[in-house]
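Count the sequence shown with our numbering and you get residues 38 to 483, in order. Report on one structure; see the data block that follows.
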Amino acid sequence: MKKTILFITFCATLQLLYAQTNTFPATGSAGIGTLAPNASSILEMTSTTQGMLVPRMTQAQRNAIAAPATGLLIYQTNASPGFYFYNGAAWGPVTNAGGANKTLANLNATAINQSLNPNADNTLDLGSAANSWNDIHANGNSFLNNLSLNTTSTESKLTINGTSEVVTIDGTAPYISMENAGVDVGYLQADGNDLKLATYITNDTGRVILRANGFDKLFVHPSGEVTINTSTPYTNFELGVNGDLHVSSQIGIGTTDVVSTAQLTISGTEDVVVLDGTDPYITLRDGDENLGYMQALGEDLRIGIHAANTDGRLVFASNATTRMYIDHSGNIVMGGATVTPKSGYKLSVDGRIVCEELRVEIYPWADYVFNEDYTLMDIDALEKFITENNHLPNVPSAEEIQNNGLHVGEMQVTMMEKIEELTLYIIELKKMNDVLAQKITELENK
């Protein structure tokens, strides 16, 4: 009996204490820790020293709840611990207060306005459930599938549309790094006032390649060589070009002190220019007209004028003065630019010639004088010819020599002819002298 009375007294005491802080007004609202619960709340709890403790359970226990009501709230103790609620179709985490951004997320689940759509595969869709923008994967890192700025085009991972400066990278020597399967390949860097496009020092086999119209055109090789229109560097050359090379200004090779009036200045101590090939040559042009050339032809070095240059001459000069030239017909003229080649002669010299030996090839020679059928002019006729013409027969006169010059070859034959004729005259005179001498001897012996 005492125990019963004691239990009734204890319960009455608890009820008295409970009634001091908890109430159930006529509004239907319940208050815990307050005597005036808000009329809009079914339950209001007030405390400065205590909190509300919702049911705590594991993920497996949460999933085992039969027919969970929409809005059911629990605290999950494992596998991404946190508050979870049932949205009528699936369990989902409750975002902490600091993670919500109402400028991005519209929590009203309407087909038009819904902006953040959590998916079961740990992705969030931007946009409506039916028409998402793009996927954002949140798994410790953030990833975008395709991102478009100022355009709806999604042709690449990043598409930017603009009419002026669309991307600015600022900093101390900032750079954009490019990798291939996680391996550093190259970078684009603003270094001081320079813009660098380069491969990393760890990439000792990669090249910097400039491409145009779908073709690789310029290559910077790891060893420093630069090649154009070919991917293979040329041994011993810093620059290699497979094709035509056009330079509109001056070029200095082996020197930085170029001649102001020259397009090409070369400085060296040994072979400074080498032309190799099959009969290679250098062509000299004036505008579109080929004038002359220098060619290695077999074992010969040929310097000449082009066949189309019918008015040109191959001129040799010293001290800015023409000394010799060869005209288009092959005539050689020595003595000056104004000297005219003599018609019918390959060599014309305006001046004296000194030589140790001069060979003139002539045919026939004057030995025909000794032929039996040769008619030697009678000595009296010879005397008469000389008296009348003042020169020997077949010998040009002084006037002819003065007007036409001396034909050395012909004159040599003529002179030999006269010498041989003179020899025949001497032989004939000797014979006549021998006859006279014999007659004198016979007369003396009588």
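Think of the CB as a built atom: it goes at the ideal place given N, C-alpha and C, for glycine as much as any other residue. All values derive from a computational prediction rather than experimental measurement.
Quiz item: Buried or exposed: where does residue 342 fall if 16 or more other Cβ atoms within 10 Å of its Cβ makes it buried?
Solution: By one-based count along the sequence shown, residue 342 stands at place 305. Buried.
Quiz item: Are the stretch 344-364 and the stretch 320-331 in contact at 8 angstroms, needing three or more beta carbon pairs?
Solution: Yes, the stretch 344-364 touches the stretch 320-331.
Exercise. Could you pull the start and end residues of the alpha helix (DSSP H) that residue 267 belongs to?
Key: Along the sequence shown, one-based indexing puts residue 267 at 230. Counting along the chain, residue 267 falls outside any alpha helix (DSSP H), and DSSP gives it neither H nor E.
Quiz item: With distances taken from CA atoms, which of 307, 333, 306 and 309 is nearest residue 319?
Solution: Within the sequence shown, numbered from 1, the residue matching residue 319 stands at position 282. In terms of CA proximity to residue 319, 333 leads the group 307, 333, 306 and 309.
Quiz prompt | Cβ shell of residue 253 (< 7 angstroms), same chain only, five flanking positions each side left out | solution = By one-based count along the sequence shown, residue 253 stands at place 216. Here the set comprises 246 and 268.
Quiz item: If you compare alpha carbons, which of 198, 362, 189 and 465 is closest to residue 372?
Solution: Position 335 of the sequence shown holds residue 372. Checked all of 198, 362, 189 and 465; the closest Cα to residue 372 is 362.
Quiz item: What is the DSSP secondary structure of residue 394, reduced to helix, strand or coil?
Solution: For the purposes of this step, residue 394 is taken as the residue at position 357 of the sequence shown. DSSP places residue 394 in coil when its eight states are reduced to three.
Exercise. May I have the straight-line CA-CA distance separating residue 193 from residue 186, to the nearest angstrom?
Key: Locating residue 193 in the sequence shown gives position 156, where the first residue counts as 1. Locating residue 186 in the sequence shown gives position 149, where the first residue counts as 1. When rounded, the distance between both Cα atoms is 12 angstroms.
Self-check item: CB-CB length for residue 210 against residue 227, believed under 8 angstroms
Solution: If you number the sequence shown from 1, residue 210 lands on position 173. If you number the sequence shown from 1, residue 227 lands on position 190. Contact holds; Cβ gap of about 7 angstroms.
Quiz item: Three-state secondary structure (DSSP) at residue 389?
Solution: Against the sequence shown, residue 389 aligns to sequence position 352. Here residue 389 carries a coil assignment [DSSP, helix/strand/coil].
Quiz item: Are residue 79 and residue 63 touching if we call contact CB-CB under 8 angstroms?
Solution: As a first step, residue 79 is located in the sequence shown; it is residue number 42 there, counting from the start. As a first step, residue 63 is located in the sequence shown; it is residue number 26 there, counting from the start. Taking the C-beta atoms as reference points, residue 63 is found no nearer than 8 angstroms to residue 79.
Exercise. Classify residue 442 as helix, strand or coil using the three-state DSSP reduction.
Key: For the purposes of this step, residue 442 is taken as the residue at position 405 of the sequence shown. Residue state, collapsed to three classes: coil.
Practice problem: Identify, in the order they occur along the chain, each residue of the same chain with its Cβ nearer than 6 angstroms to the Cβ of residue 304, setting aside the five sequence neighbours on each side. | Solution: In the sequence shown, the residue the question calls residue 304 occupies position 267. Cβ within range, chain order: 291 and 292.
Quiz item: Do residue 242 and residue 221 have their C-beta atoms closer together than 8 angstroms?
Solution: Looking up residue 242 in the sequence shown gives position 205. Looking up residue 221 in the sequence shown gives position 184. Taking C-beta atoms as the reference points, residue 242 and residue 221 fail to come closer than 8 angstroms.
Quiz prompt | Length of the line joining the Cα atoms of residue 416 and residue 476 | solution = Numbered from its first residue, the sequence shown carries residue 416 at position 379. Numbered from its first residue, the sequence shown carries residue 476 at position 439. Rounded to the nearest angstrom, the two C-alpha atoms are 23 angstroms apart.
Self-check item: Given residue 230 as reference, the closest of 215, 207 and 251 once Cα atoms are compared
Solution: Sequence index remark: in the sequence shown, residue 230 carries index 193 (1-based). Out of 215, 207 and 251, the CA that lies nearest to the CA of residue 230 is found in 207.
Quiz item: According to DSSP, what are the bridge partners of residue 327?
Solution: By one-based count along the sequence shown, residue 327 stands at place 290. Looking at the DSSP assignment, residue 327 forms a beta bridge with 322.
Quiz item: At which residues does the beta strand (DSSP E) containing residue 246 begin and terminate?
Solution: Residue numbering aside, residue 246 sits at position 209 when the sequence shown is read from its first letter. Segment 245-249, the beta strand (DSSP E) holding residue 246.
Quiz item: Can you tell me whether DSSP reads residue 417 as helix, strand or coil?
Solution: Locating residue 417 in the sequence shown gives position 380, counting from the first residue. DSSP places residue 417 in helix when its eight states are reduced to three.
Quiz item: So, helix, strand or coil for residue 407, using DSSP?
Solution: Locating residue 407 in the sequence shown gives position 370, counting from the first residue. Residue 407: helix per DSSP, three-state reduction.
Quiz item: Which residues share a DSSP beta bridge with residue 215?
Solution: In the sequence shown, residue 215 corresponds to position 178, counting from 1. Bridge partners of residue 215: 223.
Practice problem: Report the rounded CA-to-CA distance for residue 355 versus residue 367, giving the unit in angstroms. | Solution: As a first step, residue 355 is located in the sequence shown; it is residue number 318 there, counting from the start. As a first step, residue 367 is located in the sequence shown; it is residue number 330 there, counting from the start. One C-alpha to the other measures close to 21 angstroms.
Quiz item: Quick one: Cα of residue 233 to Cα of residue 264, how far?
Solution: Position 196 of the sequence shown, counting from 1, holds the residue named residue 233. Position 227 of the sequence shown, counting from 1, holds the residue named residue 264. When rounded, the distance between both Cα atoms is 18 angstroms.
Quiz item: For residue 399, which residues from the same chain have a beta carbon less than 7 angstroms from its beta carbon, with the 5 sequence-adjacent residues on both sides left out?
Solution: Position 362 of the sequence shown, counted from the start, is the residue given in the question as residue 399. Hits under 7 angstroms: 446, 449 and 450.
Quiz item: Alpha carbon to alpha carbon, what distance is there between residue 473 and residue 479?
Solution: Residue mapping note: residue 479 aligns to position 442 of the sequence shown, counting from 1. Residue mapping note: residue 473 aligns to position 436 of the sequence shown, counting from 1. Those two C-alpha atoms are separated by around 10 angstroms.
Practice problem: Given a cut-off of 8 angstroms, decide if residue 83 and residue 70 are closer than it, judged by their beta-carbon atoms. | Solution: Start at 1 with the first residue of the sequence shown, and residue 70 comes out as number 33. Start at 1 with the first residue of the sequence shown, and residue 83 comes out as number 46. The answer is yes: Cβ separation under 8 angstroms.
Quiz item: Should the stretch 369-388 be called in touch with the stretch 429-437, which here means at least 3 C-beta pairs below 8 angstroms?
Solution: no
Quiz item: Where does residue 478 fall in DSSP's three states?
Solution: Your numbering for residue 478 matches position 441 in the sequence shown. In this structure, residue 478 counts as helix in the three-state DSSP scheme.
Practice problem: Work out the CA separation of residue 103 and residue 81 for me, nearest whole Å. | Solution: Position 44 of the sequence shown, counting from 1, holds the residue named residue 81. Position 66 of the sequence shown, counting from 1, holds the residue named residue 103. Each residue's alpha carbon lies about 28 angstroms from the other.
Quiz prompt | Residue from 425, 123, 100 and 384 whose Cα sits closest to the Cα of residue 116 | solution = Mapped onto the sequence shown, residue 116 falls at position 79. Residue 116 has its Cα closest to that of 100, out of 425, 123, 100 and 384.
Quiz item: Going by C-alpha distance, which of 204, 236, 483 and 199 is nearest residue 217?
Solution: As a first step, residue 217 is located in the sequence shown; it is residue number 180 there, counting from the start. If we check each option's Cα against that of residue 217, 236 comes out closest.
Self-check item: Burial state of residue 256, where buried means 16 or more other Cβ atoms lie within 10 Å
Solution: Numbered from 1 along the sequence shown, position 219 holds the residue referred to as residue 256. So residue 256 ends up on the buried side.
Practice problem: Under 8 angstroms by Cβ, that's how I've got residue 125 and residue 107 pegged, so tell me the actual separation to the nearest angstrom. | Solution: As a first step, residue 125 is located in the sequence shown; it is residue number 88 there, counting from the start. As a first step, residue 107 is located in the sequence shown; it is residue number 70 there, counting from the start. Yes, they are in contact, since the Cβ atoms of residue 125 and residue 107 sit about 4 angstroms apart, within 8 angstroms.
Practice problem: Have a look at residue 274 and residue 261 and give me their C-alpha separation to the nearest angstrom. | Solution: Here residue 274 corresponds to residue number 237 of the sequence shown, with the count starting at 1. Here residue 261 corresponds to residue number 224 of the sequence shown, with the count starting at 1. Straight-line Cα distance between these residues: approximately 10 angstroms.
Quiz item: Pick from 86, 421, 466 and 406: whose alpha carbon is nearest that of residue 452?
Solution: Residue 452 sits at position 415 when you count from the first residue of the sequence shown. The candidate whose alpha carbon is nearest that of residue 452 is 406.
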